[in-house]
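Trainee: What follows is a single structure, and I will ask about it in a moment.
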Amino acid sequence: MMRMQPHSEFQGSPVPASAAPIAIELSEASVTFGRGPRAVPALSTTTLRIADGEFVALVGPSGCGKSTILRLVSGLVQPTSGVVIVGGREVAARALRVGMAFQNPTMLPWMTIERNIMLPLKIVEPFRSQFRKLRKSEFRDKANALLEQVGLKGFGNRYPWQLSGGMLQRANLCRALIHEPRMLLLDEPFGALDQFTREELWSILQDLWIAHKPTVLLVTHDLREAAFLGSRICVMSARPGRILDDSRVTFERPRTVAMTFEPDFVALNQKLRAFIEDARTASKDASAAQGAA
Amino acid sequence: MPEFDYRQKAWSAGLIVLFFVAWELFCLMTGMSDLVLPRPSQVFVTLFEKFPILWPHILQTLATTMIGFVLGVGLGVVLGAVIGVSKTAYDTAYPLLVGFSSIPKVAVVPIFVLWFGSGTVPAVLTALSICFFPIVVNIATGLATTEPELEDVLKALGASKLDILWNVGLPRTMPFFFASLKVAISYAFVGAVLSETVASNRGIGNVMMTASSNFNVPLVFAGLFVLAGLGVALYVIFSAIEGRVTGWATRKNDMIAT
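As they're listed, the protein sequences go chains P and A.
For the first sequence, position 46 (counting from the first letter as 1) is numbered 46 according to our numbering, and the numbering increases by one without interruption.
For the second sequence, position 109 (counting from the first letter as 1) is numbered 109 according to our numbering, and the numbering increases by one without interruption.
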C-alpha cells in the first residue's frame, strides 16, 4: 500500500534526502526586477537544493515567483544576489542543455510536428553539427520514438494546426526531451487543458520521467498535479516568494489517478492547500497593514 | 494550397467582359468622340497595330520596375530586420520612416532628375523609394511579434540571437513578407511609370505622355491597358509564389484532426 511520510521543515532550509549529487542549487538567491523606488522584488532570499533525478513540484499562490525560480535555473534571469549552481557550474549567460515547456506549446506552424520536435537538435551541440547528416535517419527515429512514448505515433508528419491542444502539449514534452536534457523545466505545462487530458498527461509525464530520469522542476498551481507527479513539493509564499514548506511525497510509482482519491493523498492535498491559504491571508494582511499605515 | 475555384474565376472574367461591353455601348449610344473617350474596341485595335512600337517601351518599363523592386525589397528586408529585432530601434526609427513614406513621390522625381538626369535612373529610384516601405513595416512587425515563450525555450538551449532569427524569426515573417511583396510590386510599377511620365524619353509612361500631347487618345488608353495587364500579371506571379511558400498561414479550418 502507499504510504506518505511527511518530512516537513517549516521555513528551514530544505535539504534533499537522497545521497544523489546535487543537480540544482540556489544559495541565498534573490531576484528583484527594476531598480530604485520602482523595483519589484520577485523572489526573496531562497535556498533550495535539488538532487539529480529528483522530481520537484513548486506550488504557491499566483505571482509568487515560481516561474522566477525556473527562469533562474534556466539562466534566463540572473540572481540579484546569491548564487545559482546548476550541474556543478554557476549559471552564466550561457545555459546548458535544459529542456523547457510552457503552458503555450508554441509549435512552429510552418513545420511538421516531427520537425518541430527536432528543433532543439538544430541548436544544441553535439547534435547541431550532425544535424544535416543525420536528420533524415537517426534524428527522425529519435523523434518518432518519443512521439510513440506519448501516444502520438504516426502524427509526426502532421502540422500543428491539425492537432488538438492536448496533442500539442504532448508534442511540446517531446520537444523538451529530444536533446536528452539532464534537466526538465516545466512551467504550468498542463494549465490550459481539460481535466481528463491533464490527468492523462500526468501519467505520460510520469512514464517519461521513469524512463529517462531527468531532474524535473515543475511549476504548477494544481495541487493534485503536484502530489501526483512530485517526489518533493515545495510550497511558496506570496510575492516576494520564499519557500514555506518542503515535503517529500512517497507514494509508490507508477502512481495512478485512482490513487489521488485515497485518504492519504487527499490529506496531503489538504495540507498543501492550508499552506497556500495561510500564505494568501498573510500577504493580504500585510498589504492591508501597509495600506493603513 | 488554395483550391482553384472555377466558378469564382468565371464570375471575375464575366465582370471584366461586362465592364468593357458597358463601356463600348456607352460610347456608341452617346456618340462620344474618341478624342475624349475611345471605345475599348478601338483601344484594342490600336494596341494590336502599335504593338511593335510599344514592345521596347514595355520592356523598358518592366526592367526599371523590376530593378527598383528588387533593390527596394533588398533594402526593405535589411532595414526591416534591423528594426524588427530590437524594440528600441523599432520605436526610434518608425516616425522617420512614416515621414519619409508620406512624401508624395511625384515631388521626389524632380530631385532625382536633378541629381541623375532624366531617364532610367530616376525611374528605378522612384520605384525603389515607393515600394520599400511596406516591406520594412511587414518584416519588422513579423519579427517583433515572435512568441516570447518560444524565444525562452530556445535561449534556454543556448541559442544565439542569430539562431532564433534564422529558425523562428525569418520563417515567421514570410507570410507578412509575401503579403507586402504583392503590394510593393504594384507600388514599384506606379513609381516607375510616374517617373517616366515626368522625365524620360522611354517607357510606357513616356509613350502615354507623347500620345496625349498628339491627341492620340486611343494610344493613351492602349498604354493604360498595357499597364493594367502588366500589373495584374506581376500580382498573379507573386500571389502564386506566396501560396507555395506560405501555404501554412492560409490553411483551411476544416482540416483539423479529430
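Here a beta-carbon is modelled for each residue, glycine too, at the ideal position from N, C-alpha and C.
Small disclaimer: the values here were computed from a predicted structure and weren't measured.
Which bits of chain P does residue 9(A) rub up against, with CB to CB less than 7 angstroms?
Mentor: For the purposes of this step, residue 9(A) is identified with residue 9 of the second sequence, where counting begins at 1. By Cβ distance, chain P contributes nothing, its closest Cβ being about 27 angstroms from residue 9(A), past 7 angstroms.
Trainee: Scan the segment 115-133 of chain P for residues whose Cβ lies nearer than 7 angstroms to a Cβ of chain A and list them as they occur along the chain.
Mentor: Cβ contacts with chain A: 119, 120, 122, 123, 124.
Trainee: Can you give the beta carbon distance from residue 204(P) to residue 165(P), rounded, assuming they're within the 8 angstroms contact cut?
Mentor: For the purposes of this step, residue 204(P) is taken as residue 204 along the first sequence, with counting starting at 1. For the purposes of this step, residue 165(P) is taken as residue 165 along the first sequence, with counting starting at 1. Not quite, the Cβ-Cβ distance comes to about 14 angstroms (not below 8 angstroms), so this is no contact.
Trainee: Are there 16 or more other CB atoms within 10 angstroms of the CB of residue 198(P), so buried, or fewer, so exposed?
Mentor: To locate residue 198(P), count along the first sequence from 1; it is residue 198. Buried.
Trainee: Considering residue 234(P), what are the terminal residues of the beta strand (DSSP E) in which it resides?
Mentor: Against the first sequence, residue 234(P) aligns to sequence position 234. Here the beta strand (DSSP E) through residue 234(P) covers 232-236.
Trainee: Work out the CA separation of residue 215(P) and residue 42(P) for me, nearest whole Å.
Mentor: Position 42 of the first sequence, counted from the start, is the residue given in the question as residue 42(P). Position 215 of the first sequence, counted from the start, is the residue given in the question as residue 215(P). Straight-line Cα distance between these residues: approximately 24 angstroms.
Trainee: Verify the CB distance criterion: does residue 102(P) have a CB-CB separation below 8 angstroms to chain A?
Mentor: Counted from its first residue, the first sequence places residue 102(P) at position 102. Yes, residue 102(P) lies at the interface with chain A (some Cβ there is under 8 angstroms from its Cβ).
Trainee: Could you tell me which chain A residues have their CB closer than 8 angstroms to the CB of residue 106(P), listed as they occur along the chain?
Mentor: Walking along the first sequence from the start, residue 106(P) turns up at place 106. Those within 8 angstroms of residue 106(P) in chain A are 147, 149, 150, 153.
Trainee: Just by C-beta distance, which residues in the segment 87-112 of chain A are closer than 8 angstroms to chain P?
Mentor: Flagged: no residues at all.
Trainee: Hey, how far is the Cα of residue 15(A) from the Cα of residue 22(A)?
Mentor: Working through the second sequence from its first residue, we reach residue 15(A) at position 15. Working through the second sequence from its first residue, we reach residue 22(A) at position 22. Distance between the alpha carbons of residue 15(A) and residue 22(A): 10 angstroms.
Trainee: Check whether the Cβ atoms of residue 62(P) and residue 46(P) lie closer than 8 angstroms to each other.
Mentor: Taking the first residue of the first sequence as 1, we reach residue 62(P) at position 62. Taking the first residue of the first sequence as 1, we reach residue 46(P) at position 46. Not a contact, by the Cβ cut-off of 8 angstroms.
Trainee: Rounded to the nearest angstrom, what separates residue 237(P) and residue 74(P) at their Cα positions?
Mentor: Here residue 237(P) corresponds to residue number 237 of the first sequence, with the count starting at 1. Here residue 74(P) corresponds to residue number 74 of the first sequence, with the count starting at 1. In a straight line, the C-alpha of residue 237(P) is about 22 angstroms away from that of residue 74(P).
Trainee: Alpha helix (DSSP H) containing residue 152(A): first to last residue?
Mentor: For the purposes of this step, residue 152(A) is identified with residue 152 of the second sequence, where counting begins at 1. That run of the alpha helix (DSSP H) goes 148-156.
Trainee: If the cut-off is 9 angstroms on Cβ atoms, which residues from the segment 176-204 of chain P count as contacting chain A, listed in chain order?
Mentor: Within the segment 176-204 of chain P, the qualifying residues are 176, 179, 181, 185, 187.
Trainee: Less than 8 angstroms between the CB atoms is what I'm expecting for residue 43(A) and residue 221(A), so what's the real figure, rounded?
Mentor: The count along the second sequence starts at 1 and reaches residue 43(A) at position 43. The count along the second sequence starts at 1 and reaches residue 221(A) at position 221. At roughly 4 angstroms, the Cβ-Cβ gap stays under 8 angstroms, so residue 43(A) and residue 221(A) are in contact.
Trainee: Taking all protein chains shown into account, decide if residue 220(P) is buried (16 or more other Cβ within 10 angstroms of its Cβ) or exposed.
Mentor: Translated into the one-based positions of the first sequence, residue 220(P) becomes position 220. Residue 220(P) should be labelled buried.
Trainee: With DSSP collapsed to three states, give me the class of residue 281(P).
Mentor: Position 281 of the first sequence, counting from 1, holds the residue named residue 281(P). Helix.
Trainee: By the criterion of Cβ-Cβ separation under 9 angstroms, what are the contact partners of residue 76(P) in chain A?
Mentor: To locate residue 76(P), count along the first sequence from 1; it is residue 76. Going along chain A in sequence order, the residues near residue 76(P) (Cβ under 9 angstroms) are 152, 155, 156.
Trainee: Between which residues of its own chain and residue 10(P) is the CB-CB distance below 6 angstroms, once the five residues before and five after are set aside?
Mentor: Locating residue 10(P) in the first sequence gives position 10, counting from the first residue. Note that residue 10(P) scores a pLDDT of 38, beneath 50, so its modelled location is shaky; the value from the coordinates is reported in the next line. Cβ within range, chain order: n/a, list empty.
Trainee: DSSP three-state call for residue 208(A): helix, strand or coil?
Mentor: The residue labelled residue 208(A) in the question sits at position 208 within the second sequence. Here residue 208(A) sits in helix by DSSP.
Trainee: At the level of alpha carbons, what is the spacing between residue 259(P) and residue 273(P)?
Mentor: If you number the first sequence from 1, residue 259(P) lands on position 259. If you number the first sequence from 1, residue 273(P) lands on position 273. Residue 259(P) and residue 273(P): Cα-Cα distance of roughly 18 angstroms.
Trainee: Flag residue 98(P) as yes if its beta-carbon sits less than 8 angstroms from any beta-carbon of chain A, otherwise no.
Mentor: Numbered from 1 along the first sequence, position 98 holds the residue referred to as residue 98(P). Yes - at least one Cβ of chain A is within 8 angstroms of the one on residue 98(P).
Trainee: Would you call residue 106(P) buried or exposed, if buried means 16 or more other Cβ atoms sit within 10 Å of its Cβ?
Mentor: Position 106 of the first sequence holds residue 106(P). By the 10 Å Cβ count, residue 106(P) comes out buried.
Trainee: Closer than 8 angstroms, CB to CB, is residue 138(A) near chain P or not?
Mentor: Indexing the second sequence from 1 puts residue 138(A) at position 138. Residue 138(A) does not count as touching chain P.
Trainee: Tell me whether residue 116(P) is buried or exposed, calling it buried when 16 or more other Cβ atoms sit within 10 Å of its Cβ.
Mentor: Translated into the one-based positions of the first sequence, residue 116(P) becomes position 116. Classification of residue 116(P): buried, given that the 10 Å Cβ count is 16 or more.
Trainee: Apply the 10 Å Cβ neighbour rule to residue 172(A) and answer buried if 16 or more other Cβ atoms are within range, or exposed otherwise.
Mentor: Position 172 of the second sequence, counted from the first residue, corresponds to residue 172(A). With 16 or more other Cβ atoms within 10 Å, it is buried.
Trainee: Is any beta-carbon of chain P found at less than 8 angstroms from that of residue 163(A)?
Mentor: Along the second sequence, one-based indexing puts residue 163(A) at 163. Output row for residue 163(A): interface = yes.
Trainee: Over the uninterrupted beta strand (DSSP E) stretch that includes residue 314(P), give me the two end residues.
Mentor: Nothing can be reported for residue 314(P), as the shown portion of chain P is limited to 1 through 293.
Trainee: If you run the structure through DSSP and keep just helix, strand and coil, what is residue 29(P)?
Mentor: On the first sequence, residue 29(P) is found 29 positions in, with the first residue counted as 1. Here residue 29(P) sits in strand by DSSP.
Trainee: Can you find a CB in chain P that lies within less than 8 angstroms of the CB of residue 167(A)?
Mentor: Walking along the second sequence from the start, residue 167(A) turns up at place 167. Yes, residue 167(A) counts as interfacial toward chain P.
Trainee: If we define contact as Cβ-Cβ less than 8 angstroms, is residue 211(A) a contact residue for chain P?
Mentor: Counted from its first residue, the second sequence places residue 211(A) at position 211. Chain P contact via Cβ: absent.
Trainee: Taking residue 159(A) as the query, report the chain P residues whose CB atoms sit under 8 angstroms from its CB, ordered along the chain.
Mentor: Counting from one through the second sequence, the residue named residue 159(A) turns up at place 159. 123, listed in chain order.
Trainee: Do you know offhand how far residue 20(A)'s Cα is from residue 233(A)'s?
Mentor: Locating residue 20(A) in the second sequence gives position 20, counting from the first residue. Locating residue 233(A) in the second sequence gives position 233, counting from the first residue. Whole-angstrom Cα-Cα distance: 19 angstroms.
Trainee: Whose C-alpha, out of 256(P), 156(P), 207(P), is nearest the C-alpha of residue 140(P)?
Mentor: Here residue 140(P) refers to the residue found at position 140 when the first sequence is read from its first residue. The shortest C-alpha separation from residue 140(P) is found at 156(P).
Trainee: For residue 190(P), which three-state DSSP category applies?
Mentor: As a position in the first sequence, residue 190(P) is number 190, starting the count at 1. Of the three classes helix, strand and coil, the one that applies to residue 190(P) here is coil, per DSSP.
Trainee: Have a look at 8(A), 211(A), 228(A), 146(A) and flag the residue whose alpha-carbon is nearest the alpha-carbon of residue 86(A).
Mentor: Position 86 of the second sequence, counted from the first residue, corresponds to residue 86(A). Answer by Cα proximity: 146(A).
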